[in-house]
Structures are given as structure tokens and as C-alpha cells.
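Counting the sequence shown from 1 gives a position; this note's numbering is that position plus 524.
Here the structure is laid out as C-alpha cells; the discussion comes afterwards.
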Amino acid sequence: MSRFQSHGESHLVSRIGWMRAAVLGANDGIVSTASLIVGVAAAGSSKSAILIAGGAGLVAGALSMAAGEYVSVSSQSDTEKADLAREAEELANDPDAEHHELAGIYMMRGLTPELAGQVATQLMAKDALGAHARDELGISEITTARPIQAAWTSAATFAVGAAAPLIIVTLTSPHLTIPVVSGASLVFLAALGAAGARAGGAGLARPVARVVFWGAVALAVTAGIGKVFGIVA
């Protein structure tokens, strides 16, 4: 057995791609749907009208999240592909200059000129484009854009997040909709912040405080708008 053989170590950063989309989707699902429900309820709407508005918000929001994530992450993917194509062309046209450039990167990281040149030579011999993608462009397996993964993750978690306040509405008396949905949604947001922090290996206090604060702001603003501008026929 080689003394350099991997011992199966797992790093939290490997989750960054799907976890960002999941947290964003669930957070938006809770905040936007709960705010919509509270705003419509504050306008004096019936329970059925509130459920219809919330359900429409769930479907529209999930589709919007999927489309938005797919478009934005696809743009990142297109940029990565363009950079890789340009790098491949430069490697084909002037490999010596690219070797010098890669060695310079390793020298800036602390290697001696001789060792930096050796490292660049060996890495380029195995996978020149991969070495430049990783060390010059900052593109790696972990950070590579995955549009489909981001779109499905955001849409699914948005729908789950949006369903939570809708379920609360069905279980709550109409005159208690605003306080109960608001309170439950803040609890959901706190749990989401804690889950995201734990999955990412971060502390709990700041992530939880962030999502609860902005969720409370959104709920308060939409409730105020519904109260001031709502007109019930």
C-alpha cells in the first residue's frame, strides 16, 4: 500500500454546490409564500382566497427558482467552458509560455523556482488543461457549475419550504392566520438556518439570526401593505 493512499477523508466544501441552491430555495419558499399569505390575510381575504394565493405562489415560485437557477448557473458554465477552450488553445499554440505561467503560480505559493518548474512539468505531462483549469482559472470538480442540479434542487426545496406555511393555514382559524403563520414561519426559518449551518460546519447563531431577521422584515412589510392597500369586495 502506498504511503500516500487516501484515507477517505470527507470535506464539507464538497457540498457547496447543491447546498447553496437548497438553502436558497427553501428560504425563498418559506419567506415569499408566508409573506404572500400574511399580506392577503391582512387585506381581509377569505381562507380559500388565501390558500389559492399561497398555492399559486408555490407553483410560480418553484418554476421561477428552477428557471432562474438554470439560467444563472448556465451562464457560469458557459463562461467556464469559454475559458477552458481559450486555455486549451493557448496550450496548443505556446506550451512553453503556459508552463512558465503555471510555474510562476507555484512560486507565488511558496515553492522554489526549481521545484515550481518540476511540479509544473509533471502536472502538465499528466493533464495540462486540468492543471491550468485548477490552478490558473480556479475551476475544479467541486466548484464546476451544474445547471440541472441547481435548478432541480432550488425548485424542490422551494416547494417544500412554501408548503410549510400553506399547511399551517389549513390547520389555523382564519382570525389567527397572521400571527400563527408568521410565528410558525419564523420557527421554520430558524430551523432552516440551523440545518444549513450544521451541514456547512458553521456556527449556528449568525445563520439563524440572519434568516429570522430578514424573514420578519418581509412578513412585517407585506402585512402592512395588505392592511393599508387591501380592499375586500
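For each residue, glycine too, the CB sits at the ideal point set by N, CA and C.
Does the Cβ of residue i have 16 or more other Cβ atoms within 10 Å, making it buried, or fewer, making it exposed?
i	result
Thr681	buried
Gly553	buried
Thr677	buried
Leu587	exposed
Ala744	exposed
Trp738	exposed
Gly662	exposed
Ser559	buried
Met648	buried
Asn551	buried
Phe753	exposed
Gly748	exposed
Ile702	buried
Glu622	buried
Thr746	buried
Leu548	buried
How is residue i classed by DSSP in three states: helix, strand or coil?
i	result
Ile702	helix
Ala655	helix
Arg610	helix
Thr603	helix
Gly641	helix
Thr557	helix
Thr696	coil
Leu635	coil
How would you write the range of the alpha helix (DSSP H) that residue i sits in, first residue to last?
i	result
Ala522	Past the boundaries of the shown model lies residue 522; the chain is included only from 525 to 757, so the question cannot be answered.
Asn663	Before going further, note that residue 663 is Ile rather than Asn in the sequence given. Element bounds for Ile663: n/a, residue is neither H nor E.
Gly568	That residue, Gly568, is in no alpha helix (DSSP H); it is neither H nor E in DSSP.
Arg670	Here Arg670 belongs to no alpha helix (DSSP H), and DSSP marks it neither H nor E.
Gly739	Ala729 to Phe753
So the candidates are the options; which of them puts its Cα closest to the Cα of residue i?
i	options	result
Leu700	Phe737, Ala580, Gly568 and Leu647	Gly568
Gly720	Leu710, Val732, Ile692 and Val583	Val732
Gly685	Val752, Ser709, Thr645 and Thr603	Ser709
Arg610	Leu653, Ser559, Val741 and Gly585	Leu653
Lys751	Ala558, Val564, Val547 and Leu690	Val564
Ala655	Glu638, Pro619, Arg670 and Leu690	Pro619
Ser697	Ala687, Thr557, Leu615 and Ile574	Ile574
Thr603	Ala674, Leu548, Ala657 and Glu638	Ala657
Pro671	Met589, Leu639 and Asp659	Met589
Ala566	Val704, Leu713 and Asp651	Val704
Distance cutoff 7 Å, beta carbons only. Does residue i sit that close to anything in chain D?
i	result
Ala616	Absence of chain D from the displayed structure is noted, only one protein chain being present.
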